[in-house]
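Everything below concerns the one structure shown next.
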Amino acid sequence: MNADDIPCDPFVTFGAPDIGDDEAREVMATLRSGWLGTGPRVASFEAQFARYKGLGPDHAAAVNSGTAALHLSLVAAGVGPGDEVITTPLTFCATANAILHTGAIPVLADVDPASMNIDAGNIAARVTARTKAVLPVHFAGRPCDMDAVMAVADEHGLAVIEDCAHAVEARWREKPVGTLGDYGCFSFYASKNLTTGEGGMVLGRDAQKLSRIRSLSLHGMTRDAWQRYSSHGFVHYDVVECGFKYNMMDLQAAIGLHQLKRVERAWEARKAIWNTYQQAFRGLPVTLPAEVSPHARHAFHLYTLLVDEAACGVARDRFLERMTSQGVGVGVHYTALPQHTYYRERLGWKPQDTPVATAIGRTTVSLPLAPQLSSEAVARVITAVRGALA
Ligand SMILES: *Cc1c(COP(=O)(O)O)cnc(C)c1O
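With positions in the sequence shown counted from 1, the corresponding number in my numbering is that position plus 21.
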């Protein structure tokens, strides 16, 4: 049978969120409470997220996206015009854009081919007198080698901002990611391990800087709106600097509170699927993800195969088409940043300057890994991969 003839119903969606009745009930209760904006549910979500990460409530600030979390962390770290921030080419555009929004220039350090994470040796090679910070991404949920990253940062006095958008559950040597550097930035976008629809969180080592981030997320005001209108009486606010409109709503936190309760169960489910794929694809001409380092707890956000045409007899983009035509949604994480027009034109980036990330970006395919996937759906994904390679 031709791979394209396999019946394709129902479609296995890529990145489908796992929303339960608890989330639905809490959203309804929030709507009926009359308080939709930043209020008690956001405060509770911050405190519970901080506790999950082993921190006190003064070390977490909820915001309205992962991009906002990155931007505010960079501002709080003192990054601005004239500075350089070293980051990875194998990431979502938001990582580089957040750096550009501060007026600083992102500088790329290529990734390690096995971990697909930024390579500390390459970071060291890109440090200049203008370098102010390093922005590693825990790609696919696999923690970066934070011993090596922190050693380079400490040697050169650089701030470390961890992009933990894929890595809520990850740990490096038993320490939760996002607590190893100066700031940890999380995304709760719809396809992430923990979702609030749109949303984000900043973790910070320094409670005073975190308090500034909280103020910056609401116009640079000294007190947030739910304190102003609480039953304790009217309190005037003062604008102490020009901030942003990056606050999270209680409606979003209502979802996040219950996603957080299930975060470990969902992690177990994705881990099982990840391991099933890893077994099933052994012996195929694709490149599988590296096994997990004994020092790391992988968050299992993405399961990515490399489809190299020379080895597989099918081009990556043709493979993507064959997967969707068999009813399986797929993703690409990521086309390396230097292949995008804006960065090429504005910053002069060339794909050949970060050859490892470019090669991964040209061959990578992400398979469905949502925790609620049935074993039948997982079996269909496996059959579709074999069919697409045939
Ligand atoms: C999703 C993502 C972001 C941005 O998060 P948003 O919540 O969509 O703003 C940043 N970095 C990486 C690696 C991401 O995957």
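Here a beta-carbon is modelled for each residue, glycine too, at the ideal position from N, C-alpha and C.
None of the values given here were measured: they were computed from a predicted structure.
For residue i, which residues does DSSP report across the bridge?
| i | result |
| --- | --- |
| Val-406 | DSSP lists no partner for Val-406. |
| Glu-105 | Ile-126, Thr-152 |
| Trp-193 | Lys-196, Ala-317 |
| Ser-208 | Gly-221 |
| Leu-278 | The partner list for Leu-278 (beta bridge, DSSP) is empty, contrary to what the question assumes. |
| Tyr-258 | In the DSSP output, where bridge partners are listed per residue, Tyr-258 has none listed. |
| Leu-326 | Val-386 |
| Lys-74 | Paired residues: none, contrary to the question. |
| Asp-184 | Val-158, Cys-206 |
| Val-84 | Gly-221, Asn-268 |
| Val-399 | Answer is none; Val-399 lacks a bridge partner. |
| Leu-201 | Answer is none; Leu-201 lacks a bridge partner. |
| Val-132 | Ile-139 |
| Thr-308 | Leu-327 |
| Met-242 | Val-260 |
| Gly-352 | Ser-387 |
| Val-33 | Val-349 |
According to the neighbour-count rule (16 or more other Cβ atoms, all chains shown, within 10 Å of its Cβ), is residue i buried or exposed?
| i | result |
| --- | --- |
| Lys-266 | exposed |
| Phe-255 | exposed |
| Cys-263 | exposed |
| Glu-190 | buried |
| Ala-131 | In the sequence on display, residue 131 carries Asp and not Ala. Classification for Asp-131: buried. |
| Glu-47 | buried |
| Ser-86 | buried |
| Gly-220 | buried |
| Asp-184 | buried |
| Glu-289 | exposed |
| His-316 | exposed |
| Gln-300 | exposed |
| Ala-391 | buried |
| Thr-325 | buried |
| Gln-373 | exposed |
| Arg-407 | exposed |
| Gly-334 | exposed |
| Leu-52 | exposed |
| Arg-286 | exposed |
| Arg-367 | exposed |
| Ala-141 | buried |
| Ala-97 | buried |
Excluding the 5 residues preceding and the 5 following residue i in the sequence, name in chain order all residues of the same chain whose CB lies nearer than 6 Å to its CB.
| i | result |
| --- | --- |
| Glu-330 | Ala-336 |
| Tyr-364 | Leu-358, Trp-370 |
| Pro-134 | Val-377 |
| Asp-379 | In the sequence under discussion, the amino acid at residue 379 is Thr, which differs from the Asp named in the question. If we look at Thr-379 and ignore the five residues flanking it on each side, its Cβ neighbours are Ala-357, Pro-372. |
| Thr-217 | Phe-209, Gln-273, Ile-276, Gly-277 |
| Thr-13 | The question about residue 13 has no answer here: the residues shown for the chain are numbered 22 through 411. |
| Pro-102 | Gly-124 |
Look at the alpha carbon of residue i and the alpha carbon of residue j, and state the distance between them as a whole number of angstroms.
| i | j | result |
| --- | --- | --- |
| Ala-16 | Ala-186 | The question about residue 16 has no answer here: the residues shown for the chain are numbered 22 through 411. |
| Val-351 | Ser-208 | 20 Å |
| His-354 | Asp-43 | 31 Å |
| Phe-66 | Gln-229 | 20 Å |
| Met-22 | Thr-152 | With a pLDDT of only 46 at Met-22, under 50, the local geometry of the prediction cannot be trusted, and no value is derived from it. |
| Ala-71 | Val-33 | 34 Å |
| Leu-76 | Phe-302 | 39 Å |
| Gln-393 | Ser-346 | 22 Å |
| Ser-258 | Gly-58 | Sequence check: residue 258 is Tyr here, not Ser. Near 17 Å, if we compare the C-alpha coordinates of Gly-58 and Tyr-258. |
| Leu-272 | Ala-150 | 44 Å |
| His-80 | Tyr-204 | 10 Å |
| Asn-296 | Leu-305 | 15 Å |
| Asp-166 | Gly-55 | 46 Å |
| Cys-29 | Val-399 | Residue confidence is low: Cys-29 scores 48 on pLDDT, short of 50, so the model does not pin down where it sits. Its coordinate-derived value is still stated next. Cys-29 and Val-399: Cα-Cα distance of roughly 14 Å. |
| Tyr-210 | Ala-83 | 13 Å |
| Thr-384 | Leu-327 | 5 Å |
| Ser-396 | Ala-293 | 10 Å |
| Gln-360 | Ala-188 | 25 Å |
| Val-148 | Ala-90 | 24 Å |
| Leu-17 | Leu-111 | Here the chain comprises residues numbered 22 to 411, so residue 17 is not present and cannot be evaluated. |
| Ser-387 | Leu-231 | 34 Å |
| Thr-88 | Ala-117 | 10 Å |
| Val-457 | Arg-291 | One cannot answer for residue 457 here, as it falls past the ends of the chain, which runs 22 to 411. |
| Glu-105 | His-319 | 29 Å |
| Leu-410 | Ala-172 | 42 Å |
| Ile-403 | His-322 | 18 Å |
| Met-344 | Ser-212 | 19 Å |
| Leu-129 | Gly-382 | 15 Å |
| Asp-430 | Leu-239 | Because residue 430 is not part of the residues shown, which for the chain are 22 to 411, the question remains open. |
Go through its chain and collect everything with a Cβ distance to residue i's Cβ below 8 Å, but skip five positions before and after it.
| i | result |
| --- | --- |
| Leu-278 | Glu-47, Arg-62, Ser-65, Phe-66, Gln-69 |
| Gly-99 | Lys-153, Ala-180 |
| Thr-200 | Lys-74, Gly-75, Leu-76, Leu-224, Arg-226 |
| Leu-281 | Phe-66, Gln-69, Phe-70, Tyr-73, Leu-215 |
Beta-carbon within less than 7 Å of residue i's beta-carbon, same chain only, minus the 5 sequence neighbours each way: which residues are those?
| i | result |
| --- | --- |
| Ala-174 | Val-155, Val-181 |
**Report entry** For review: beta carbons within less than 7 Å of any heavy atom in ligand 1
**Finding:** Ser-86, Gly-87, Thr-88, Ala-89, Leu-91, Thr-112, Phe-113, Ala-115, Thr-116, Val-158, Asp-184, Ala-186, His-187, Ser-208, Phe-209, Tyr-210, Lys-213, Glu-219, Gly-220, Gly-221
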